[in-house]
Amino acid sequence: MIHFKYPKQISAGLLVIMMSATTTAHANNSTINSAEQLTTHITTAIKQTIVKSTDNDRLYQDPSQQADDEIVGVRSFDDSFSDCQNQFANRQAPTLIGKQGERLSAMTRALCFEGFATLHSGIARTPLWSASHLTQARISQARTLARVDSFRAESRLPADERAELSDYRRSGYDRGHIAPNGDMATTESQYDSFSLANIAPQNGEHNRHLWRHIETQTRQLAIEYGEVYVVTGVAFLGKTSERIGGRVLVPSHFFKAVYIPKLSAAGVYFSSNDSSENYQIISLDELTRLTGINAMPSLPTQIRQTAYDLPRPISNKNPEQKVLDDQPSSWFDLVISAMRYVFETLNRA
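With mature numbering (1 follows the signal peptide of the UniProt record, and there is no 0) as the guide, the letters of the sequence shown map in order to residues -27 to -1, 1 to 322.
Shown next, in the form of structure tokens:
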């Protein structure tokens, strides 16, 4: 049963939601051919709106309060990632720690993909993080692959926990990869990277400039030192939140934790999800304090406490430069991308 916090005010709100749901269904060309289907669509919209007012409170945190969070427990996911433990440093998956971690752990699902592992949040309908083991050979092979877009909903997730392509359409946000397409060395892993379970709403300027260069610098570290372990994720900091499509929570920050075994050193790029190009290089322990995510729990304390001076991303904003691949596509573009992937798969058979 659904309980309303303000029963006297809810009637007018529900009427607005019903009208909005009907309009959205028409605008998105939804295949609604009966009163029963329309009722289902409206009911889903109402539930999502109610969830918006409660679940956001679970994920978004006031940064000023985080320093006082007591570490009250650790949630491990090692058993859930038994098929892809090779993506983690010392084969140990990230853990969720303390009060923040407890909030994040609600409705999470572990997903193994070809080339990376993801912990997905059914509340945010985004990943919390994706992890990869990048090697020199892997990056060299990845550079030979042409990008083939294949954005799609993740069929392994329940419908009420996953993002849909329609959520991103006309949202004003890019479909930002967590485990980057550019890290993928095979057609299969590249295809997997376009699952919306590995995607979060990302400011377009951030995605195409600062974050793109951070991804490039990380790959270069794998080339230079032979291998790196990477955990890329999102954070929900602040008192307010936003959802696109009324369903998918917009992160306030993106992070990329990098461990370089050859140097016995690790650091984290931590950047706000906006066009400011603001970022910090912090330690793994500082990331845990901010987010409740212990990205690499198997590393020694000294490595986790010390922020390695990761290479600075190159800022070369060019207003004429356009990287459109992660922007929501038209139906025509989506069909063409799907056909390209099918033809490539058939050619390999």
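No residue lacks a Cβ here, since even glycine has one placed at the ideal position from N, Cα and C.
Nearest-angstrom Cα separation, counted from residue j out to residue i
i: Met(-9); j: Gly219; result: For Met(-9), the predicted structure reports a pLDDT of 48, less than 50, and the residue's modelled location is therefore unreliable. A value from the coordinates is still provided. Between Met(-9) and Gly219, the C-alpha separation is close to 14 Å.
i: residue 323; j: Thr99; result: Residue 323 lies beyond the stretch modelled for the chain, which goes from -27 to 322, so this question has no answer here.
i: Gly206; j: Thr264; result: 10 Å
i: Arg277; j: His106; result: 18 Å
i: residue 339; j: Ser225; result: The structure shown has nothing for residue 339, since the chain only spans -27 to 322.
i: Ile254; j: Ser144; result: 30 Å
i: Pro292; j: Thr189; result: Note on Pro292: pLDDT 40, under 50, position unreliable in the model; the coordinate value appears next. Roughly 20 Å between the two C-alpha positions.
i: Thr191; j: Asn171; result: 18 Å
i: Ala173; j: Arg76; result: 19 Å
i: Gln109; j: Val231; result: 15 Å
i: Gly177; j: Phe228; result: 16 Å
i: Ile266; j: Arg120; result: 31 Å
i: Asp133; j: Asp140; result: 13 Å
i: Ser237; j: Gln60; result: 17 Å
i: Ser78; j: Arg48; result: 8 Å
i: Val201; j: Asn63; result: 12 Å
i: Ile233; j: Ser94; result: 28 Å
i: Thr279; j: Ser271; result: 15 Å
i: Gln114; j: Ser53; result: 29 Å
i: Asp258; j: His150; result: 24 Å
i: Glu215; j: Ala158; result: 34 Å
i: Val221; j: Arg142; result: 12 Å
i: Asp51; j: Ala268; result: 13 Å
i: Leu283; j: Lys212; result: 30 Å
i: Leu118; j: Thr160; result: 8 Å
i: Gly71; j: Ala208; result: 15 Å
i: Arg262; j: Arg82; result: 23 Å
i: Gln275; j: Ala152; result: 27 Å
i: Arg285; j: Ser55; result: 34 Å
For residue i, the nearest candidate out of the options (CA to CA)
i: Val203; options: Pro234, Ala104, Ser78; result: Ala104
i: Ser244; options: His179, Asp156, Thr191; result: His179
i: Ser256; options: Pro270, Ala239, Arg216; result: Ala239
i: Phe89; options: Asn154, Arg148, Ser214, Asp133; result: Asn154
i: residue 395; options: Arg64, Trp184, Gly74; result: Absent from the structure is residue 395, since the part of the chain shown begins at -27 and ends at 322.
i: residue 379; options: Ser162, Thr159, Ile151, Met80; result: Past the boundaries of the shown model lies residue 379; the chain is included only from -27 to 322, so the question cannot be answered.
i: Ser249; options: Ser271, Ser237, Thr159, Arg181; result: Arg181
i: Ile217; options: Ala126, Gln73, Ala136; result: Ala136
i: Trp102; options: Met157, Ser271, Ser128, Leu84; result: Leu84
i: Thr91; options: Pro67, Gly71, Gly74; result: Pro67
i: residue 347; options: Met157, Leu138, Asp156; result: The question about residue 347 has no answer here: the residues shown for the chain are numbered -27 through 322.
i: Ile196; options: Arg116, Thr261, Pro273; result: Arg116
i: Leu194; options: Phe209, Glu161, Asp156; result: Asp156
i: Asp165; options: Glu127, Pro273, Asp258; result: Glu127
i: Leu69; options: Pro284, Leu260, Ile287; result: Leu260
i: Pro273; options: Gln58, Gln65, Phe50; result: Gln65
i: Ile287; options: Thr159, His186, Ala158; result: His186
i: Tyr146; options: Val223, Ser55, Gln58, Arg285; result: Val223
i: Leu210; options: Gln73, Arg285, Ser55, Gln275; result: Gln73
i: Cys57; options: Leu283, Ser162, Gly71; result: Ser162
Span of the alpha helix (DSSP H) around residue i
i: Thr189; result: 183 to 198
i: Ser94; result: Per DSSP, Ser94 belongs to no alpha helix (DSSP H); it is in the beta strand (DSSP E), 89 to 94.
i: Ile276; result: 274 to 278
i: Thr117; result: Counting along the chain, Thr117 falls outside any alpha helix (DSSP H), and DSSP gives it neither H nor E.
i: Glu164; result: The sequence shown places Tyr at residue 164, not Glu. Residues 160 to 166.
i: Gly71; result: 71 to 77
i: Asp52; result: Looking at the DSSP string, Asp52 is not in any alpha helix (DSSP H), and its letter there is neither H nor E.
i: Asp140; result: 138 to 141
Contact check, residue i vs residue j, beta carbons under 8 Å
i: Leu32; j: Ala97; result: yes
i: Glu175; j: Asn251; result: It is worth fixing the name first, because residue 175 is Gln in this sequence and not Glu. In this structure, Asn251 does not lie closer than 8 Å to Gln175 by Cβ.
i: Tyr198; j: Lys235; result: yes
i: Tyr167; j: Asp122; result: It should be pointed out that residue 167 corresponds to Phe in this sequence rather than to Tyr. Contact: yes.
Run of the beta strand (DSSP E) containing residue i, from where it starts to where it stops
i: Leu84; result: 81 to 86
i: Ser245; result: 238 to 245
i: Arg148; result: 147 to 150
i: Tyr281; result: Where Tyr281 is concerned, there is no enclosing beta strand (DSSP E), given that its DSSP letter is neither H nor E.
i: Pro174; result: 172 to 175
Beta-bridge partners of residue i, as assigned by DSSP
i: Ser103; result: Thr91, Thr205
i: Tyr33; result: For Tyr33, which the question treats as bridged, DSSP gives no partner whatsoever.
i: Thr68; result: Asn267
i: His226; result: Ala208, Ser245
i: Tyr252; result: Ser244
i: Thr108; result: Glu200
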